[in-house]
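Worksheet: the structure to be examined is printed underneath.
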Amino acid sequence: MPESIAQQFKSLLDEKLSIDLTRGKPSPSQLDLSNELLSIAVEPLTEDGTDIRNYGEPLGIYQARELGSELLDSPIENTIAAEQSSLLLSYQLLLANHLFGLNGKPWKDIKNPKFICPTPGFDRHFRMLDELGIEMLPVPLTSDGLDTNILQTTLAEHSDIVGLISVPRHSNPSGDIYSDDNILKIFELCSEYSKDLVFLFDHAYLIHDLSNAPSQTPIWLLAEQAKVLNQTAILTSFSKVTFGGGGLAFFAGGEGTFSLLKKIRDSMIICPDKVNQSRHVTFFKNKANIIIHMQKHAAIIEPKFELTTSILKTIPHECGTFSSPTGGYFITYKTVKPIAAKIIDICKSAGVLITPAGATFPHGIDPNDSVIRLAPTFVEADKLQKAIEVFSAAVQIAHFDIEI
Ligand SMILES: Cc1ncc(COP(=O)(O)O)c(C=O)c1O
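For what it's worth, the working numbering labels the leading residue of the sequence shown as 30, then goes sequentially.
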């Protein structure tokens, strides 16, 4: 077997590949699904007479807020339709907490504020928290959300935990879907710990389902049931629905988080791009149409996930395991030995770029050097096949220490 893997790898080397699997981006054919947006005509005035060409409506035009409230199951008055980036909204919310604080307790006045960070997670979340001087406390994900035993111990061991950031559906990169019970338990443990602890739910993959994705009670309803709306923030965007960097972002939050975000945005921006909001409202009209649109995305993405999985299945079990997500943009491979960085280097030598090892952990350090994030959506199937063949050979070369 080692000879055949080495042989296979050498012939892949000869192909001089150049394939980038580092970021979870939509493919051009997915972007084509929204081409109508490039030329859609919008009226200068909305149904209720708002002039989209001028300043005004800092919380977004009513029809866009209505769309956001349908998606997030939140009341319109608690929903903001903003610019194109939910990450920007997350940063604004963190900054508002740093400067002003939930319940009037700014994080800047706390000596060593800390955040619960489910791992593996999204590198840009860790970057934002780090920039604000927040210590990150990793808590592992199980297959249906956070390990609540470890969460409980972490809460008991630390003072000054000011927040918890999570991607509750098709988590980046593990694909976890947090169960309702898991979310309710998180609410119970953390709100007992502190009513000032902010729950930041980054719902980037809220509607990015493949077939067989299980349902989930909306976070808004769970937060309402657990009486934690004041400390809850939910964000999503159209970045992987229409255009990356050209969609709309939405926020929903209870009185506490809503007024914080509103306060900081009032200082930062006079109003969002209402023309783009109007385009999206005209394009989609309602949630039902958005879901139909997402099924078209799924029809493009699902075969790529299946192709990736079919090749990963050929790697001997003793080398590691991989996730089988029902949506989102990533598949994770977890090695048994601490060889993730080595595998990624081997892939690079064959012209295949994978997200750097450790990127899915705070400070870029995976304590076990074992989690690898694969992003199969952007490249076309023939290139994807080659890239995952390289990956599969690289895993075995590193695991069995095969000479090449
Ligand atoms: C978990 C998560 N949040 C946020 C984003 C970025 O979203 P946006 O484009 O709305 O800022 C991404 C994109 O990769 C993501 O994976």
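For every residue, glycine included, the Cβ atom is placed at its ideal position computed from N, Cα and C.
- At a cut-off of 7 Å, the beta-carbon of N201 counts as near ligand 1: some heavy atom of the ligand is closer than that.
- The beta carbon of K363 lies closer than 6 Å to those of G349, T350, S399, V400 in the same chain, with the five residues before and after it left out.
- Taking 7 Å as the cut-off, one finds at least one heavy atom of ligand 1 near enough to the beta carbon of L117.
- Relative to the non-hydrogen atoms of ligand 1, the Cβ of D231 comes within a distance shorter than 7 Å of at least one.
- F38 and S63 have their C-alpha atoms spaced approximately 39 Å apart.
- Contact annotation: I340 and S421 have beta-carbon atoms nearer than 8 Å.
- Secondary structure note for K371: it is in no beta strand (DSSP E), and the uninterrupted alpha helix (DSSP H) holding it is 369-378.
- One Cα belongs to A242, the other to D231, and the distance between them is close to 18 Å.
- Relative to ligand 1, the nearest heavy atom lies less than 7 Å away from the CB of S266.
- Per DSSP, C348 lies in no alpha helix (DSSP H) segment and is marked neither H nor E.
- Note on the stretch 234-311: whole alpha helix (DSSP H) runs with a minimum of 4 residues are 248-254, 284-297, in chain order.
- Residue burial annotation: T182 is exposed, with fewer than 16 other C-beta atoms found within 10 angstroms of its C-beta.
- Taking the C-beta atoms as reference points, P301 is found nearer than 8 Å to E112.
- DSSP, reduced to helix, strand and coil, places L166 within a strand of the structure shown.
- For V270, the shortest separation between its Cβ and any heavy atom of ligand 1 does not lie below 7 Å.
- Taking D205 as the centre and dropping the five residues before and after it, the same chain places the C-beta of L170, S172, D173, G174 closer than 7 Å to its C-beta, in chain order.
- For C146, the pairing in a beta bridge is given by DSSP as P167.
- Closest option to H199, judged by alpha-carbon separation, among K224, S353, G285: S353.
- With fewer than 16 other Cβ atoms from the protein chains shown falling within 10 Å of its own Cβ, A410 counts as exposed.
- 8 Å or more divides the Cβ of T355 from the Cβ of S203.
- Annotation: the stretch 382-432 contains the following complete segments of the alpha helix (DSSP H) (minimum length 4 residues), in chain order: 410-428.
- Taking L101 as the centre and dropping the five residues before and after it, the same chain places the C-beta of T108, H232, L235, P247, I248, W249, I263, T265, F279, A281 closer than 8 Å to its C-beta, in chain order.
- For the set T177, D238, W136, E221, the Cα lying nearest the Cα of V191 is the one of W136.
- Linking I383 to D77 through their CA atoms gives a straight-line distance of about 49 Å.
- Only residues of its own chain outside the window of five on either side were considered, and among them T337, I340 have a CB closer than 6 Å to the CB of I417, listed in chain order.
- The continuous beta strand (DSSP E) containing L193 extends over residues 190-195.
- By the C-beta density criterion, E347 is exposed, having fewer than 16 other C-beta atoms within 10 angstroms.
- Between the C-alpha atoms of F407 and S268 there is a straight-line separation of about 14 Å.
- Looking at the DSSP output, L175 bridges to L170.
- A buried status is given to A386, since no fewer than 16 other beta-carbon atoms sit within 10 Å of its beta-carbon.
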